[in-house]
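Enquirer: Below is a structure I'd like to ask you about.
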Amino acid sequence: MLNGGLIGIKEALQTLKPTEQKVAQYIVDHPETVVNASVQKVAELAGVSEATIVRLARSLHLKGFQELKLRIAADLAKSVHSETHSYQEIQIDGSVQDLIQSISHNNTLSIQDTLTVLSSKDVERAIDCLSSARRVYFFGVGASAVIAQDFKQKLSRINRWCEAAPDFDSQATLAANMTKEDVAFGISYSGQTENIIQSLKIAKESGATIISLTKFGSNPVAEMADIRLFTSSLEQSIRSGAMASRIAQLNVIDILYVGIASRTYEESIQSLEKTRKAVSGSKRNG
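This is the structure we're talking about:
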């Protein structure tokens, strides 16, 4: 998958160093020019050094300028700048039909954008790691705690030893007792949540493997992780809050869950059936 260059740059823009931000903004403003130019020419046009462009590519988790150009070219070919590929402002005084369309559009677009920055190699590594872990602890606060709880509930259904901790005290307590056989899964869309950073630091010192789920780009949570998973949601409106980004995170969780369950398919099906029967008594028939 070679697209995702422009989306990755936009997502990471605010986390880049000043000189990298300068060339990144130039690329966003002039993608067609960049695709047809050499690294020397782009450096000249953006007013930066060639080394800065190389560092930008690395910050975007790419091999170099040529890969960045290929991804931008693929983005342009798919018309990512079209109106249908833009997040819509949520109008609180609009019609219900407008509300349905804009929210659904933004959620769908968030998942599509995430597919351009989500590495299948890292997803496979995460599935392998989670499948073989003795215990898995999910760390998330606020909206991310909902994502953590959802993953915990899913893995519990297939008889995996896991726990979700929604606050620093419980996260730190669990992290302090982790071992190299355990996994700490840190969820923070911004990647800047201090509680998550500190909890993962303790888990890392305990020897645990760290998996992160954050927005694309450089951030403290991702930098601490052994396996980095990214989502993308370029919604700008404060009214949208964490809505579309939450949907993108849940989609990644579903991918991981099915991947884990498929590794031990027969056992997982048996566990799902047992847990279904166990909770069926709390549901009304018909």
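Quick note on numbering: the sequence shown equals residues 213 to 498 in my numbering. Glycine residues also receive a C-beta, built at the ideal position from the N, C-alpha and C atoms. All of these numbers come straight from a predicted model, not from anything done at the bench.
Just curious, the alpha helix (DSSP H) that G217 is in, first and last residue?
Expert: Unbroken alpha helix (DSSP H) run through G217: 217-224.
Enquirer: Is R475 buried or exposed, if buried means 16 or more other CB atoms sit within 10 Å of its CB?
Expert: The residue in question, R475, is exposed, as its Cβ has fewer than 16 Cβ neighbours within 10 Å.
Enquirer: Quick check: is the beta carbon of Q233 nearer than 7 Å to any beta carbon in chain C?
Expert: The chain labelled as chain C is not found in the depicted structure, where only one protein chain is given.
Enquirer: How many angstroms separate the CA atom of S271 from the CA atom of Y469?
Expert: One C-alpha to the other measures close to 29 Å.
Enquirer: For G398, write down the residues that DSSP places opposite it in a beta bridge.
Expert: Paired residues: F351, S424.
Enquirer: Name, in chain order, the residues that DSSP records as bridge partners for F380.
Expert: Per DSSP, none; premise fails for F380.
Enquirer: When you compare each of L462, S400, Q461, L441 to E336 by their alpha carbons, which one comes out closest?
Expert: Cα-wise, what sits closest to E336 is L441.
Enquirer: Touch check for the segment 412-426 and the segment 274-285: three-plus C-beta pairs under 8 Å?
Expert: No, the segment 412-426 does not touch the segment 274-285.
Enquirer: According to the neighbour-count rule (16 or more other Cβ atoms, all chains shown, within 10 Å of its Cβ), is D325 buried or exposed?
Expert: Buried.
Enquirer: Would you report the Cα separation of I323 and S261, rounded to the nearest angstrom?
Expert: Each residue's alpha carbon lies about 35 Å from the other.
Enquirer: Report the three-state DSSP secondary structure of I284 (helix, strand or coil).
Expert: DSSP places I284 in helix when its eight states are reduced to three.
Enquirer: For L441, name the three-state secondary structure that DSSP assigns.
Expert: Reduced to three states, the DSSP call for L441 is strand.
Enquirer: By Cβ distance, which residues of its chain are closer than 7 Å to L218, with the 5 residues on each side in sequence left out?
Expert: Taken in chain order, the residues that qualify are V240, P243, I284, D287, V292.
Enquirer: Sort G354, N463, F428 by Cα distance to A376 and report the nearest one.
Expert: When each option's Cα is compared against that of A376, the closest is G354.
Enquirer: Less than 6 Å between C-beta atoms, sequence neighbours within five positions excluded: which residues of the same chain meet that for Q383?
Expert: These residues qualify, in order along the chain: F351, A377, S411.
Enquirer: In this structure, does DSSP put E375 in helix, strand or coil?
Expert: In this structure, E375 counts as strand in the three-state DSSP scheme.
Enquirer: Which runs of the alpha helix (DSSP H) fall wholly inside the segment 226-285 and span at least 4 residues, in chain order?
Expert: Runs of the alpha helix (DSSP H) inside the segment 226-285: 230-241, 243-247, 251-258, 262-271.
Enquirer: Anyone know if the C-beta pair for A224 and F397 falls short of 7 Å?
Expert: No; because the gap between Cβ atoms is not below 7 Å, this pair is not in contact.
Enquirer: Indicate the three-state DSSP secondary structure (helix, strand or coil) for S307 in the structure shown.
Expert: Three-state DSSP puts S307 in coil, outside helix and strand.
Enquirer: DSSP on E393, reduced to helix/strand/coil?
Expert: Three-state result, E393: coil.
Enquirer: State buried or exposed for K281, treating a residue as buried only when at least 16 other CB atoms are found within 10 Å of its CB.
Expert: Flag for K281 reads buried.
Enquirer: Buried or exposed for N407, going by 16 or more other Cβ atoms inside 10 Å?
Expert: Buried, by the Cβ-count rule.
Enquirer: Which residue wins for smallest C-alpha separation from G220, given the options L268, K229, E256, S368?
Expert: The shortest C-alpha separation from G220 is found at L268.
Enquirer: Could you give the C-beta distance for C341 and I414, rounded to a whole number, given that I count them as a contact under 8 Å?
Expert: With a Cβ gap of about 19 Å, C341 and I414 do not count as contacting.
Enquirer: Please state the DSSP three-state secondary structure of T487.
Expert: T487 falls in the helix class under three-state DSSP.
Enquirer: So for I459, helix, strand or coil by DSSP?
Expert: DSSP places I459 in helix when its eight states are reduced to three.
Enquirer: Is the Cβ-Cβ distance between L484 and R369 less than 7 Å?
Expert: Closer than 7 Å, so yes.
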